[in-house]
Each structure stands twice: as C-alpha cells, then as structure tokens.
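Counted from 1, the sequence shown has number 240 at position 233 by my numbering; the numbering is strictly sequential.
We put the beta carbon where it would ideally sit given N, CA and C, even for glycine.
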Amino acid sequence: MRSAMTRLALLPFAFAAGAVALAAAPATTLKDAFADHFTVGAALNTQIIVQPEHPARALVKRHFNSVTAANAMKWGPFNPEPGVHVFEHADALVAFAEANGMQVIGHTLFWHQQTPSWVFQDEAGAPISREALLKRMRERVRVVAQRYGTRVHLWDVVNEAIEDDGSPRKSNWYRVLGDDFVPEAFRIAGEELPTSVQLIYNDYSMFQPGRRAAVVKMIHDLRARGLRIDGVGLQGHWGLDFPKLEDAEASIVAFAEAGVRVHITELDVDVLPRSPDMFGADLNKRAQLSPENNPYTAGLPAEMQEKLARRYAEIFALFVKHADKIDRVTFWGVTDGDSWLNGFPVRGRTNHPLLFARANQPKPALDAVLGVAAGR
C-alpha cells in the first residue's frame, strides 16, 4: 500500500477556470474517516455554544467528536472578578458535548492572556505574593474540578509559557513565580483534577527548534519532580508555505520520544499575506489593514482553493503517518466566518483558513483531507 505521503502527489485537484470552488457535502465525515487514527475536534465560539439553532452546529454534530471552548473556560470570561463565576457558557458546551457523544477539551487553566489583572494583585492593588498567587491558582482548578470533574476529558494546563528561542515568557506568572510557574501549575492540576483527566502543555510555533527543545526539557523536568504531564499540544496556526513539514514532524517525533502523547491543537491554514515578523499566534502583534493584505474579500479564487486543499492534504498525510503518536486533531473554529484569523494579526480581514466556507459549505480542502484518510 502506498504511504500517505506518497499518495499525496497523486491527489486529483482539478479546478475549471472560473468555477465556483466549493464542494458537495461528502458521504463520510471527518470523525468517521479518521476513527482509526485520532479524534477530530473543533473550537466553538460563544455564539455556537449558546444558540441551539446556530447553523454551524449541524457541522459540529456531523463531523467532530471533540469540542473545545474558544473562550468560555479561560480565566477572564469564566471568573472575571473575585468570587464571580460565569458558568453558563462552559456548562452549555459540556451539555452539548454530552448530548452528542463528544469529548470536552478544557482550554485553558493558566495563560498570560485573558487573565484578569486582579489575579495578580492584592486588595490594595499591589503585586500579589507567591503564596497568594498559588492559592488563587488552586482555587481556580478546584472550582472546575468540582463542577466538571471527568466530564472534561483533558485540560490545557499551561498555554504559551515559552518564547521561540526556548526562554521562559516573562509574563505576570513568571514575574511572581519564576521558573516554578509551570511545575506549580502542573502540581496543582495533578492534585485537584481527577486522575483520568489528561494534563497537557499547549503552545504555538512548536516547529521552532528552541521552543521544541525547551518543551522536551520541560517534560523531563516535570517527571523528575514526580509531576504528571500526559501530552503536548502543538498549535497548528500554520500557513500555505510555513512551517516546513519536516520541522513539524521533528517536533511530533521529539515529544513522542519524550514519552507523551501529541495533540494537534488550534489547526487552521492562513491564506492571506503575512510578513515574517507576524508568524505565530502572539496576540500582541498587530498590523494595519490594506488591500494588499486583504485580497479575497469577494471569496477565495479557485487557484487558492486548490493551494489550500493541497496544503491540508500534506498536513493530514503527516498526521496519518504519525497516527501512532497523535491522539487528537482540533480545528480552531468551524467555518471561515467564525475564525479568529479574520481579526489577527490584522483586524477586519476576510480570511478563509478552515474546511468549511462562511455559509457552512464544504470546501475542496475537506475532500482533500477525507481523501488522505481514504487513501485516494
């Protein structure tokens, strides 16, 4: 049998000149096509979570067997003020998942973004002590553990704590806890959450050698302290020509060899122009809107649909090749219309990074991905 990577070169992507490059609904689904390889998930925004008649829900039910809250479980939306918890949206996500036989991915316990400033301050507004911050971290985990328990199957314990060069991100967490931030986060999560709930470290640009080496070291350091880490999430905020697949493959292999399961998280493929200094997912980076960096406001041309389809086929051929190491692939969004890339790194752009177009139609990229699973 030809390998997935060899089959890729034979995938038939034919687009007639001027054709509308959208596809009919396929007979199979993503979750069924990859059932022998990994689970397939999507991140849901608040509108999809709380609106029972939202049109994207039909796609979620049909194609995905895990769901992630794009924002509802982050500290800021979930616990905006001391003693104030907004359970409604997270509860709705969990209920939706349970009603449809899906895994729930908890995102995220500790992150330098979307964490309220009060978390790092005492009642007088002064910087908080180490002991007080650790107490607040434990209180946060205890709340979600008591409310959701094993109904949430996995938590991104720490998100984006390392820079491209492998150095620690100098966040508020680091300023108070220093090098103990990540170990203490995993210690608290391991002590408060049920033992069957998987504990994950999640980050972007994991193909960078410095970040890759730092995460491998983190895995070994945590386990040397007797702490549990079950997996690593590789955020797939990628483009049509970055990263090189061999660099992504090197990270998949390195993390698996370090003894953890690999999760492909936040997958999307940016089709719009982006300067090299805007790669990655650093929300502090922003650029100005212009006709040059927003060229597809009327829709994605057929030739770009083909490029996107080929890129997704390459990516999924890599995932299938390493399916023995990968537990899950999660798209960051359901349709192009709810993708965060419409606002990052340039606000107001019209992006087309996912497998479903704005009106919920499948794109040629969906058929390309399904073709990889089918050996076409």
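- Measuring C-alpha to C-alpha distances from I195 to each of V101, N166, R235 identifies R235 as the nearest.
- Here V341 is not near F323, since their CB atoms are 8 Å or more apart.
- By the CB criterion at 8 Å, V222 and W245 fall outside the cutoff.
- For F117, the enclosing beta strand (DSSP E) covers residues 110 to 118.
- Inclusion of L307 and G355 in the CB contact set at 8 Å is not warranted, their separation being larger than that value.
- The alpha carbon of F188 has as its nearest neighbour, out of Y211, D171, V164, Q205, the alpha carbon of V164.
- Beyond the five residues adjoining it in sequence on each side, S178 comes within less than 6 Å, by CB distance, of H119 in the same chain, given in chain order.
- DSSP places P84 within a helical segment (H, G or I) once states are collapsed to three.
- The beta strand (DSSP E) runs of length 3 or more contained entirely in the stretch 154 to 204 are, from start to end of the chain, 161 to 166.
- In the DSSP assignment, I322 falls within the alpha helix (DSSP H) that extends over 309 to 328.
- Inclusion of T337 and A49 in the CB contact set at 8 Å is warranted, their separation being smaller than that value.
- At the C-beta level, V269 and G238 come within 8 Å of one another.
- Inter-segment contact for the stretch 96 to 116 and the stretch 368 to 378 is absent: fewer than three beta-carbon pairs are separated by less than 8 Å.
- With distances taken between CA atoms, P87 lies nearest to T122 out of M225, T122, I135.
- For L206, the beta-bridge partners assigned by DSSP are W162.
- Rounded to the nearest whole angstrom, the CA to CA distance from G83 to L51 is 17 Å.
- Here P59 is exposed: its Cβ has fewer than 16 other Cβ atoms, across all protein chains shown, within 10 Å.
- Shown here for L37: same chain residues with a beta carbon closer than 6 Å to its own, the five before and five after excluded, namely V47, H70 in chain order.
- In this structure, the CA atom of V67 is about 20 Å from the CA atom of G378.
- Its chain contains R219, V223 as the residues whose beta carbon lies nearer than 7 Å to that of A261, once the 5 sequence neighbours on both sides are disregarded; these appear in chain order.
- Of the residues R335, A34, M80, the one whose Cα lies closest to the Cα of V148 is M80.
- Cβ-Cβ distances below 7 Å link D172 to G217 in the same chain, with the five nearest sequence neighbours on each side left out; the list follows chain order.
- Ranking N209, P201, G90 by CA distance to the CA of T115 puts N209 first.
- One Cα belongs to P298, the other to M311, and the distance between them is close to 17 Å.
- In the assembly as shown, A316 is a buried residue. Its beta-carbon has 16 or more other beta-carbons within 10 Å.
- Annotation: the continuous beta strand (DSSP E) that includes T46 extends over 46 to 51.
- One thing to note: Y303 has its Cβ within 8 Å of the Cβ of H359.
- Counting along the chain, the unbroken alpha helix (DSSP H) around H227 starts and ends at 216 to 231.
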